[in-house]
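A.B. asks: From first to last, the protein sequence lines are chains A and B.
First residue of the first sequence? That's 1468 in the numbering used here, and the numbers climb one at a time after it.
First residue of the second sequence? That's 1468 in the numbering used here, and the numbers climb one at a time after it.
Just so it is clear, CB atoms sit at the ideal spot from N, CA and C, and this is done for glycine as well.
Sending over a structure as structure tokens; questions will come in a sec.
2 protein chains.
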Amino acid sequence: MRLSELSERSGVSTATIKYYLREGLLAPGRQVNTTTAEYDESHLRRLRLVRALIQVGGVPVATAKEVLSHVGDESLGRTIRLGAALWALPQGPEPDEEDPAVAAARREVDTLLRGLGWETARELAPLSPVHRSLVVAVATLIRLGYRWDAELMAPYAELMRQVAQRDLDFMETHTSEEEKVETAVAAAVLFEPVLRALHRLAQEEESARRYGLE
Amino acid sequence: MRLSELSERSGVSTATIKYYLREGLLAPGRQVNTTTAEYDESHLRRLRLVRALIQVGGVPVATAKEVLSHVGDESLGRTIRLGAALWALPQGPEPDEEDPAVAAARREVDTLLRGLGWETARELAPLSPVHRSLVVAVATLIRLGYRWDAELMAPYAELMRQVAQRDLDFMETHTSEEEKVETAVAAAVLFEPVLRALHRLAQEEESARRYGLE
């Protein structure tokens, strides 16, 4: 398809597409003559992902570029490729290692992961920004005086593992390797709000079921 | 306990506590003489919740006051009290009713709720900001060209119902009615980041399990 059709089908203006092309967020089309290039479905897909990252996820252009470079890196295994893309997404604040609540949170998270047998997560702990954000979130609860230990977290973690299994099953319905990783990144950015809303809606429903609506 | 001890145990400065007292976010202590008031565990608990809402949840003081007025309203049934407190929390943007993606999302959400038999959620739909934020989140996915329908969401919703059951079980371990609702509000604000981090960590773990770490 031509640039104008790519713009129409994606809802992204031609000026913005040209900007993404210049910034290397989108691969160049196949040049058919000096003034015209052809684009295909992979461009449309990538354009949707770029918009998801920048407009919905609020990811800066430079970060989006880094995330997408990992998505397209065929030299990496799938776990690493996926991990590299997700780790490049903006993460929360770093834990303050001087804070005793952070040390306590780190112990609870380690006990949790050991109990669950999540060996990879334990192994990756010193490197993983995801592990760090869990420590920060648990430390906040501890600092505010809420008891939030490994035992309490374990059933939630088990449920989240079932959610993650669904995520990967859905990812695997896609054919190309690049599409698989793209889907996982889009899900990480776009699916969180759906999951949060479903969680709150389930709280309403369950609460009405237990206590009635009076 | 005296103001100074309340400050020490909560980690909130006496100046900030006095501000919260003036703003009505915290009930006055029991006056023992003209210059001294006594505070108890309920003040400490409430102070933690106020900090959670304002500092972690980024809730404006006026909103926090509204949320807390519902928490303390003993004239309401538990579902309503909980709902009123949670609904007063800041919600995302309103759906744009002119947008065809919003109409499509509303249909998918309705099909989902009907399929699940979540009758209360369907009944409350026109009122509930939680329902609205689910519609907005699904509309974003549809607008970006991702297929995201009721069938795909149903297993996620079932898992979130199990999470909500855990939430309410945990809430019920508390004794007083006020404490129960306080816990639910704190969980809604503080627990989301923990759940999000557990979800991403589970994705890492499950991905490594399926595809290895090469």
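(1) Suppose you measure from the CA of A/S1600 to the CA of A/Q1632; what does that come to, to the nearest Å?
(2) Using a beta-carbon distance cut-off of less than 8 Å, what residues from the region 1591-1610 of chain B approach chain A?
(3) Under the DSSP definition of a beta bridge, which residues are partnered with B/R1497?
(4) A/P1560 versus chain B: which residues are under 8 Å apart at the beta carbon?
(5) Should A/R1515 go down as buried or exposed, given a rule of 16 or more other Cβ atoms within 10 Å for buried?
(6) Within 9 Å of any Cβ in chain B, is that where the Cβ of A/E1432 sits?
(7) Check for me: the alpha helix (DSSP H) holding A/Q1670 runs from which residue to which?
(8) For B/L1619, tell me which candidate among B/L1470, B/R1548, B/S1509, B/V1605 has the shortest Cα-Cα distance.
(9) Please give the ranges of any alpha helix (DSSP H) in the region 1534-1573 of chain A, keeping only runs that are unbroken, at least 4 residues long and fully inside the region.
(10) Measure from the C-beta of A/A1664 to each C-beta in chain B and report whether the shortest distance is under 9 Å.
(11) Considering only residues of the same chain and omitting the five flanking positions on each side of B/G1559, which have a CB-CB separation below 7 Å?
(12) Cβ of B/T1587 less than 9 Å from any chain A Cβ?
(13) Go through its chain and collect everything with a Cβ distance to B/S1477's Cβ below 7 Å, but skip five positions before and after it.
(14) Using a Cβ cut-off of 9 Å (strictly closer), state whether B/Q1632 contacts chain A.
(15) Between A/H1641 and A/G1679, what straight-line distance do the alpha-carbon atoms span, to the nearest angstrom?
(16) Thinking just about the alpha-carbon of each residue, which of B/L1608, B/F1637, B/L1626 is nearest to the one in A/V1523?
(17) Give me the subset of the region 1625-1649 of chain B whose CB atoms are less than 8 Å from a CB atom of chain A, sorted by chain position.
(18) Please classify A/Y1525 as buried or exposed, where buried requires at least 16 other C-beta atoms within 10 Å of its C-beta.
(19) Where B/E1672 and B/L1591 are concerned, what is the direct C-alpha to C-alpha distance, given to the nearest angstrom?
(20) By Cβ distance, which residues of its chain are closer than 8 Å to A/H1598, with the 5 residues on each side in sequence left out?
(21) For B/M1627, which of helix, strand or coil comes out of DSSP?
(22) Please state whether DSSP places A/R1610 in a helix, a strand or coil.
(23) Closest to A/P1596 by C-alpha separation, out of A/V1517, A/A1494, A/E1561, A/K1485, would be which residue?
(24) Would A/G1550 count as contacting chain B if we go by Cβ distances under 9 Å?
(25) To the nearest angstrom, how far is it from the Cα of A/S1471 to the Cα of A/T1483?
(26) Which of the three DSSP states is assigned to B/L1591 in this structure?
(27) Taking all protein chains shown into account, decide if A/G1550 is buried (16 or more other Cβ within 10 angstroms of its Cβ) or exposed.
(28) Classify A/M1468 as helix, strand or coil using the three-state DSSP reduction.
(29) Closer than 8 Å by beta-carbon distance: list the chain A residues that pair up with B/V1661, in chain order.
(30) Hey, would you say A/V1630 sits closer than 9 Å to B/Y1623, going by beta carbons?
(31) Between B/M1627 and A/L1473, how many whole angstroms is the CB-CB distance? I'm expecting something under 8 Å.
(32) Have a look at B/R1573 and B/L1594 and give me their C-alpha separation to the nearest angstrom.
(33) What do you reckon, are the CB atoms on B/Q1498 and A/L1553 nearer than 9 Å?
(34) State the Cα-Cα distance for the pair A/V1648 and A/L1488, rounded to the nearest angstrom.
(35) Who are the neighbours of A/V1523 on chain B, taking C-beta pairs under 8 Å?
(36) Please report the straight-line C-alpha distance between A/G1544 and A/V1656, rounded to a whole angstrom.
C.D. replies: Taking the structure as given:
(1) Going by the C-alpha atoms only, they are around 21 Å apart.
(2) Contacts with chain A (Cβ-Cβ distance below 8 Å) from the region 1591-1610 of chain B involve L1591, S1595, V1597, H1598, S1600, L1601, V1603, A1604, V1605, T1607, L1608, R1610, listed in chain order.
(3) For B/R1497, which the question treats as bridged, DSSP gives the partners B/E1505.
(4) The premise fails here: A/P1560 is roughly 11 Å from chain B at the closest Cβ pair, so nothing lies under 8 Å.
(5) Around the CB of A/R1515, 16 or more other CB atoms lie within 10 Å, so the residue is classed as buried.
(6) Residue 1432 of chain A is absent from the model: chain A starts at 1468 and stops at 1681.
(7) For A/Q1670, the enclosing alpha helix (DSSP H) covers residues 1644-1678.
(8) Among B/L1470, B/R1548, B/S1509, B/V1605, the Cα nearest to that of B/L1619 is on B/V1605.
(9) Unbroken alpha helix (DSSP H) stretches of 4 residues or longer found wholly inside the region 1534-1573 of chain A: 1545-1555, given in chain order.
(10) True, the Cβ-Cβ gap to chain B drops below 9 Å.
(11) Contacts found: S1600, V1603.
(12) Chain A, which has a Cβ nearer than 9 Å to the Cβ of B/T1587, makes this yes.
(13) Counting only residues of its own chain and dropping the five nearest sequence neighbours on each side, B/S1477 has a CB closer than 7 Å to the CB of L1511, L1514, R1515.
(14) Output row for B/Q1632: interface = yes.
(15) Taken atom to atom, the span from the alpha-carbon of A/H1641 to that of A/G1679 is near 43 Å.
(16) Ranking B/L1608, B/F1637, B/L1626 by Cα distance to A/V1523 puts B/L1608 first.
(17) Residues passing the 8 Å Cβ filter: L1626, M1627, R1628, Q1629, V1630, A1631, Q1632, R1633, D1634, L1635, F1637.
(18) According to the sequence provided, residue 1525 of chain A is Gly. The question's Tyr does not apply to it. An exposed status is given to A/G1525, since fewer than 16 other beta-carbon atoms sit within 10 Å of its beta-carbon.
(19) So the two alpha carbons sit approximately 37 Å from each other.
(20) Within its own chain, the residues whose Cβ lies closer than 8 Å to the Cβ of A/H1598, once the five positions on either side in sequence are excluded, are V1576, A1588, L1591, A1592, listed in chain order.
(21) Here B/M1627 sits in helix by DSSP.
(22) DSSP places A/R1610 in helix when its eight states are reduced to three.
(23) Checked all of A/V1517, A/A1494, A/E1561, A/K1485; the closest Cα to A/P1596 is A/E1561.
(24) With 9 Å as the cut-off, A/G1550 counts as an interface residue toward chain B.
(25) Their Cα atoms are separated by approximately 12 Å.
(26) Looking at B/L1591 - three-state DSSP - the assignment turns out to be helix.
(27) Label assigned to A/G1550: buried.
(28) In this structure, A/M1468 counts as coil in the three-state DSSP scheme.
(29) The answer, in chain order, is L1601, A1604, V1605, L1608, W1615, M1620, Y1623.
(30) When the beta-carbon positions are compared, A/V1630 and B/Y1623 come within less than 9 Å of each other.
(31) No, B/M1627 and A/L1473 are not in contact; Cβ-Cβ is about 36 Å, not under 8 Å.
(32) If you take the alpha carbons of B/R1573 and B/L1594, they lie about 14 Å apart.
(33) Not closer than 9 Å, so no.
(34) Near 21 Å, if we compare the C-alpha coordinates of A/L1488 and A/V1648.
(35) At a C-beta separation below 8 Å, A/V1523 has these neighbours in chain B: T1607, L1611.
(36) Looking at the two C-alpha atoms, the distance is approximately 22 Å.
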